[in-house]
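J.: Right, I'll just put the structure down here and ask away after.
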Amino acid sequence: MSAGPALGPDPSHGSSRPSWTAGAVARLLGVPASTLRSWHRRYGIGPTGHHAGRHRRYTDTDIAALARMQHLITGGMSTESAAHLTHLHPGALETRPNSPARPAELLTAAFRLDIDTVLSSLGTHLITDGVIATWDEVCRPALTELTRRSAPDGTDQCIDVEHLLSWAITTTLHRAPVPPVLPGPPVLLACADREHHTLPLEALRAALAQHAVPTRTLGAAAPTTALHYALHRAPQPPVALVLWAHTTDTADPDALRSLADTGITMIAAGPGWDHSPLPEQVIHPPSLRAALDLLSPPPQRDWP
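Residue 121 in numbering that gives the first Met the number 0 sits at position 122 of the sequence shown, with consecutive numbering throughout.
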């Protein structure tokens, strides 16, 4: 079924250069704001174009430099040497082992329970490539490989690693800097009844937030009756309901039909719906990126 026009709010505000507060950058990188000030004062790694007496605002390029510096420090380099290398070869760092994580490197750190490296690697990738690419290229392959390693004997030998990695992914997504939300009705996000795979929905929430789209997330295993109640609780009715099903066991077309009958735009997301007979009015995007494109406004302006 054709997705039609984007369902997100109207983005036709003024435009400005993308920039972030020190607090937002500190949360993303997992360091105190005082550390950012110290790096800027001592080593010149910080907000470019900052003027005395004005609030520090970091561009995406500034954040990438900070993330690369943090990677070098995490790898054992002194702060001074890391700053020097960041200044000397800013582009070369992108292809070094300390560049944004790939699934194998992420899993290596996760199996060491090295949460600092996992968080730093995910944060760098998110800054460099965005939420959806981080999910598709790093998080999802790493989780799939983790499941494969656990499958042969069916034991719990990887549960600790899975929990640590899942927590790190969720934390990184919640730390992502986001612009002010645009006015308009929210998108309601929920997992189908008995569905407990929440991470893809967290990724979609974070991606929508980076596009300034308001959301409300109900999390795992939302009964259909609860979703009916939720549609009427908010002062402003949701513009759409995204129902995630990871497997065919949790993909219930009757639930979709019941919810679609309320008149809301109904989006069946996730591989669980791939072979389900869906009601005609239900939209089934083939990927998280397709869902993001459907729900977000056209890129007519930069983030403030």
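Cβ coordinates follow ideal geometry from the N, Cα and C atoms, glycine included. Please read all numbers here as calculations on a predicted model, not as lab measurements.
#1: Return the Cβ separation of residue 186 and residue 237 in integer angstroms, given the expectation that the two are a contact with Cβ distance under 8 angstroms.
#2: Work out the CA separation of residue 266 and residue 32 for me, nearest whole Å.
#3: Run through DSSP, which three-state label would residue 133 get?
#4: When DSSP builds the beta bridges, which residues end up paired with residue 189?
#5: Counting Cβ pairs closer than 8 angstroms, one from the segment 52-71 and one from the segment 101-112, do we hit at least three?
#6: If you count every other CB in all the chains shown that lies within 10 Å of the CB of residue 124, and 16 or more means buried, which is it?
#7: Buried or exposed, going by whether 16 or more other CB atoms sit within 10 Å of the CB of residue 209?
#8: Applying the 10 Å Cβ sphere with the 16-neighbour rule, what's the burial state of residue 57?
#9: Mind listing, in chain order, the continuous alpha helix (DSSP H) runs of no fewer than 4 residues lying wholly within the segment 204-232?
#10: Can you list, in chain order, the residues of its chain whose CB lies under 8 angstroms from that of residue 118, leaving out five sequence neighbours each side?
#11: Classify residue 283 as helix, strand or coil using the three-state DSSP reduction.
#12: Looking at residue 224: is its Cβ nearer than 9 angstroms to the Cβ of residue 189?
#13: Relative to the C-alpha of residue 64, which candidate in 269, 38 and 205 has its C-alpha closest?
#14: Would the beta-carbon of residue 289 fall within 9 angstroms of that of residue 243?
#15: Just the Cα atoms here: how many angstroms apart are residue 83 and residue 272?
#16: Does DSSP put residue 60 in a helix, a strand or coil?
#17: Would residue 296 pass as a contact of residue 177 if the rule is Cβ separation under 9 angstroms?
#18: Classify residue 251 as buried or exposed, calling it buried when 16 or more other Cβ atoms lie within 10 Å of its own Cβ.
T.: This is what the structure holds:
#1: Sure, about 6 angstroms apart at Cβ, within 8 angstroms.
#2: Using only the alpha carbons, I get a separation of about 40 angstroms.
#3: The three-state secondary structure of residue 133, taken from DSSP, is helix.
#4: Bridge partners of residue 189: 242.
#5: Flag = no, the segment 52-71 and the segment 101-112 do not touch.
#6: Result: buried.
#7: Within a 10 Å sphere around the beta-carbon of residue 209 sit 16 or more other beta-carbons, which makes this residue buried.
#8: The residue in question, residue 57, is buried, as its Cβ has 16 or more Cβ neighbours within 10 Å.
#9: Listed in chain order, they are 223-232.
#10: 29, 167, 170 and 171.
#11: Correct three-state label for residue 283: coil.
#12: Taking a C-beta distance under 9 angstroms as the contact criterion, residue 224 and residue 189 do not qualify as a contact pair.
#13: 38 is the residue among 269, 38 and 205 whose C-alpha sits nearest the C-alpha of residue 64.
#14: The answer is no: Cβ separation not under 9 angstroms.
#15: Looking at the two C-alpha atoms, the distance is approximately 51 angstroms.
#16: Of the three classes helix, strand and coil, the one that applies to residue 60 here is helix, per DSSP.
#17: Not a contact, by the Cβ cut-off of 9 angstroms.
#18: Residue 251 sits buried, since 16 or more C-beta atoms from the chains shown fall within 10 Å of its C-beta.
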